[in-house]
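Residue numbers (our numbering): 1474 to 1785.
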């Protein structure tokens, strides 16, 4: 199936701290929240564009989906387990939740967010600048979107939304602007400023970024296993095993999406048998590098393990 990429819908607003918890709480009581923009504006206390952005992020993060039968939206099991009233992290205070949201945003198969899919999985350079990204965006958009023409404005706004999801906006004095503190995934430090360079054909300088590939101990073994299992379900559902390359460097895999080094992935896989109580194992020889499992562990149990909560 050819994916249908999304370039808009976020109204150029990165997701903000209060949006997901607030929306999940309201949808639980009023599934028709987003059917009427005016009602949503009152319930959420937001302007029309922010309401539409909230609707986009609630769906893109996998916390809620359209319920066609009911004519509204419903909170997913994942959304209830994480952000529900009795969820693991109803106020979005845990860094592990932010990694889970990042994973959800980055791993759509049928309708991927273009900037997330392209920059996390297929960007070939160690560094990233806006001018270089825009050039690549135009080329890639022309290749994959033959039936519609995307304007430079749309592509630029999409890139800026990705950027401001992970990098705090600074004033000319270098201070982090207060309104950007509402973007929770900034805390992941996934994308960092590493310098400046002269923009192509211009006398101005532009910021250069790079993905942070150092060790990430905050991604606990069970969170890593959640991502591996989710990748297996979404992209390799008929496979009995996963190769090291599947996990470390394949598009949509944990190594690429979480920006883990191959050495870190290998070390995690070598520990996965003990971390999973023997359910998963990893074998590496001169000819084989693969992970296998006795059975799939369900999402609810994995989330309980991530947050260290005993099952009901």
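Even glycine gets a Cβ: it sits at the ideal position worked out from N, Cα and C.
Practice problem: Please list the segments of the alpha helix (DSSP H) lying wholly inside the stretch 1670-1719, counting only runs of 4 or more residues, in order along the chain. | Solution: DSSP assignment within the stretch 1670-1719 yields the following whole alpha helix (DSSP H) runs of 4 residues or more, N-terminal first: 1694-1708.
Quiz item: Is the distance from the Cβ of residue 1537 to the Cβ of residue 1497 below 8 angstroms?
Solution: Here residue 1537 is near residue 1497, since their CB atoms are less than 8 angstroms apart.
Quiz item: Going by DSSP, which residues form a beta bridge with residue 1449?
Solution: In the structure displayed, the chain extends from 1474 to 1785; residue 1449 sits before or after that span and is not available.
Quiz item: Within this structure, are the beta carbons of residue 1601 and residue 1698 separated by less than 8 angstroms?
Solution: Cβ distance not < 8 angstroms, so residue 1601 and residue 1698 don't count as in contact.
Self-check item: Where residue 1639 falls: helix, strand or coil (DSSP)
Solution: Taken through DSSP and simplified to helix, strand or coil, residue 1639 comes out as helix.
Quiz item: From residue 1653 to residue 1527, what does the alpha carbon distance come to, in whole angstroms?
Solution: Note that residue 1653 scores a pLDDT of 47, beneath 50, so its modelled location is shaky; the value from the coordinates is reported in the next line. In this model, residue 1653 and residue 1527 are separated by some 16 angstroms (Cα to Cα).
Quiz item: Ordered along the chain, which non-local residues of its own chain (more than five positions away) have a Cβ less than 8 angstroms from that of residue 1678?
Solution: Once the five neighbours on either side are set aside, the close Cβ partners of residue 1678 are 1669, 1670, 1671 and 1672.
Quiz prompt | Beta-ladder partner(s) of residue 1763, from DSSP | solution = In the DSSP output, where bridge partners are listed per residue, residue 1763 has 1716 and 1756.
Quiz item: According to DSSP, is residue 1742 helix, strand or coil?
Solution: Three-state DSSP puts residue 1742 in a helix.
Quiz item: Going by DSSP, which residues form a beta bridge with residue 1666?
Solution: Looking at the DSSP assignment, residue 1666 forms a beta bridge with 1682.
Quiz item: residue 1572 to residue 1516, Cα distance in whole Å?
Solution: Roughly 28 angstroms between the two C-alpha positions.
Exercise. Compute the Euclidean distance between the alpha carbons of residue 1495 and residue 1553, then round it to the nearest angstrom.
Key: Each residue's CA atom was taken as its position, placing residue 1495 and residue 1553 some 13 angstroms apart.
Quiz item: Tell me, which residues are paired with residue 1602 by DSSP?
Solution: In the DSSP secondary-structure assignment, residue 1602 is bridged to 1681.
Quiz item: Cα separation between residue 1525 and residue 1574?
Solution: For residue 1525 and residue 1574, the distance between alpha carbons rounds to 19 angstroms.
Exercise. Along the alpha helix (DSSP H) that carries residue 1501, what are the first and last residues, could you check?
Key: First-last of the alpha helix (DSSP H) with residue 1501: 1492-1502.
Quiz item: Distance, Cα to Cα, residue 1752 vs residue 1700?
Solution: C-alpha of residue 1752 to C-alpha of residue 1700: approximately 15 angstroms in a straight line.
Exercise. Would you give the residue range spanned by the alpha helix (DSSP H) that residue 1575 belongs to?
Key: Its alpha helix (DSSP H) spans residues 1568-1579.
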